[in-house]
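Numbers given in the working numbering equal positions in the sequence shown, counted from 1, plus 17.
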Amino acid sequence: MKYRRILLKLSGEALMGDKAFGIDPVIAQSLAGEIARVVQANIEVAVVVGGGNIFRGVKASASGMDRATADYMGMLATVMNCLALQDALERQHDTPTRLLSAIEMKEVAEPFIRRRAMRHLEKGRVVIFGAGSGNPFFTTDTAAALRAAEIDAEVIFKATKVDGIYDSDPKLNPDAKRYEELTYQEVLVQNLRVMDSTAIALCSENKIPIIVFNIFEKDSIYRAATGEPIGTRVF
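Right, here's the structure in full:
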């Protein structure tokens, strides 16, 4: 089944590539190309981007920084990533985008307004959501679940560095088993850490399936968006 409207959750680490920090322009352009191909298939695309490649609030909080301050810094880091992705989409792939921020910064982004976001999607623009949910103590995974519910997305694509959800870390355990499908409850009970529990609960309450797959597999976003079985499906 080809989807009508998807929300793609990209980690900041995905934009980092093999670098130890920051944004790899080659990776940003490659991801933008994948997204552009999905748009060309007449599928509406929204994107939530993390900020862990630049700043991770939880780690800073553990080191003694005030948690709310650290989280706000993390939100600003997501906007930097969003701008990099927006630039790659528009300059390299001629794909119209709109960046909507949960924290007002009118010089670089529109404020998040639900109806405006949906109108942009209907017009065929890629909508990039920055600054998480705009609230400290909530992850960008939770922001992705929230935005997906708000814009009536049919599915969340959780793009990672592995090809699905495993019962243990496949890098440490060569016998790790990959799941084809899981329920929200199984993810929570088995503590599989696909997303945090708040994000999973939001998806469960709003019946938004999650597909977890390897972002670095060729055409993975397009294959998932056009209904090809890929990765692990949580429903």
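Note that the Cβ used here is the ideal one computed from N, Cα and C, for glycine as well.
Within this structure, are the beta carbons of R108 and V144 separated by less than 7 Å? Here residue 108 corresponds to residue number 91 of the sequence shown, with the count starting at 1. Here residue 144 corresponds to residue number 127 of the sequence shown, with the count starting at 1. Contact: no.
Which stretch, first to last residue, makes up the beta strand (DSSP E) that contains E61? Walking along the sequence shown from the start, residue 61 turns up at place 44. Element bounds for E61: 61-66.
CB contact flag (A193, I168, <7 Å): Residue numbering aside, residue 193 sits at position 176 when the sequence shown is read from its first letter. Residue numbering aside, residue 168 sits at position 151 when the sequence shown is read from its first letter. For A193 and I168, no; Cβs fall outside 7 Å.
The alpha helix (DSSP H) that contains N98, what's its start and end? Your numbering for residue 98 matches position 81 in the sequence shown. From DSSP, the alpha helix (DSSP H) with N98 extends over 84-104.
Could you tell me the boundaries of the alpha helix (DSSP H) in which T215 lies? Within the sequence shown, numbered from 1, the residue matching residue 215 stands at position 198. Per DSSP, T215 belongs to the alpha helix (DSSP H) from 214-222.
Taking the beta carbon of I60 as the centre, do at least 16 other beta carbons fall within 10 Å, making it buried, or is it exposed? Position 43 of the sequence shown, counted from the first residue, corresponds to residue 60. Buried: at least 16 other Cβ atoms inside 10 Å.
Rounding to the nearest angstrom, what Cα-Cα distance links V96 and A119 in this structure? The residue given as residue 96 occupies position 79 in the sequence shown. The residue given as residue 119 occupies position 102 in the sequence shown. Those two C-alpha atoms are separated by around 10 Å.
Extent of the continuous beta strand (DSSP E) to which R115 belongs: Taking the sequence shown and counting its residues from 1, one reaches residue 115 at position 98. Its beta strand (DSSP E) spans residues 114-118.
Backbone secondary structure at G50 - three-state DSSP: Here residue 50 refers to the residue found at position 33 of the sequence shown. Helix at G50.
Counting pairs of beta carbons, one from the region 61-76 and one from the region 20-37, are three or more of them closer than 8 Å? yes
Establish whether the CB of L163 and some CB of chain D are separated by less than 7 Å. The structure shown contains no chain D, having only a single protein chain.
Helix, strand or coil: which one does DSSP assign to V229? As a working note, residue 229 is residue 212 in the sequence shown. Here V229 sits in strand by DSSP.
Give me, in chain order, the residues of the same chain whose beta-carbon lies closer than 6 Å to that of A165; leave out the 5 immediate sequence neighbours on both sides. Position 148 of the sequence shown holds residue 165. Answer for A165: L24, I173, I225, listed in chain order.
Segment limits, alpha helix (DSSP H) that includes R164: Mapped onto the sequence shown, residue 164 falls at position 147. 157-167 is the extent of the alpha helix (DSSP H) around R164.
Assuming V55 and Y239 form a contact by the criterion Cβ under 8 Å, report the distance between their Cβ atoms to the nearest whole angstrom. What you label residue 55 is simply residue 38 of the sequence shown in a count that begins at 1. What you label residue 239 is simply residue 222 of the sequence shown in a count that begins at 1. That belief holds up - the Cβ atoms of V55 and Y239 are roughly 5 Å apart, short of 8 Å.
Identity of the residue in Y183, N98, V64 nearest D41 by Cα: On the sequence shown, residue 41 is found 24 positions in, with the first residue counted as 1. Nearest option by C-alpha distance: N98.
How long is the line joining the alpha carbons of F155 and M90, rounded to whole angstroms? As a working note, residue 155 is residue 138 in the sequence shown. As a working note, residue 90 is residue 73 in the sequence shown. Their backbone Cα atoms lie some 13 Å apart in a straight line.
For the beta strand (DSSP E) containing G147, name the first residue and the last one. For this step, residue 147 is matched to residue 130 along the sequence shown. Looking at the DSSP string, the run of the beta strand (DSSP E) that includes G147 is 143-147.
Are the beta-carbon atoms of I182 and Y201 separated by less than 7 Å? Position 165 of the sequence shown holds residue 182. Position 184 of the sequence shown holds residue 201. Cβ atoms of I182 and Y201: not closer than 7 Å.
Reduced DSSP category for L199 - H, G, I as helix; E, B as strand; rest coil: Along the sequence shown, one-based indexing puts residue 199 at 182. L199 falls in the strand class under three-state DSSP.
Pull up the distance between the alpha-carbon of F233 and that of M122, whole angstroms please. On the sequence shown, position 216 is the one that residue 233 refers to. On the sequence shown, position 105 is the one that residue 122 refers to. Approximately 32 Å between the Cα atoms of the pair.
Could you check how far apart the C-beta atoms of A94 and A45 are, in whole angstroms? I think they sit under 8 Å. If you number the sequence shown from 1, residue 94 lands on position 77. If you number the sequence shown from 1, residue 45 lands on position 28. Not quite, the Cβ-Cβ distance comes to about 15 Å (not below 8 Å), so this is no contact.
Between E198 and the rest of its own chain, which residues show a CB-CB distance below 8 Å, the 5 nearest in sequence each way excluded? One-based indexing of the sequence shown puts residue 198 at position 181. Same-chain partners within the cutoff: T249, R250, V251, F252.
What number of angstroms, rounded off, separates the C-alpha of A58 from the C-alpha of N208? In the sequence shown, counting from the first residue as 1, residue 58 sits at position 41. In the sequence shown, counting from the first residue as 1, residue 208 sits at position 191. The alpha-carbon atoms of A58 and N208 are separated by roughly 36 Å.
Can you tell me which residues form a DSSP beta bridge with K194? By 1-based counting over the sequence shown, the position of residue 194 is 177. In the DSSP output, where bridge partners are listed per residue, K194 has none listed.
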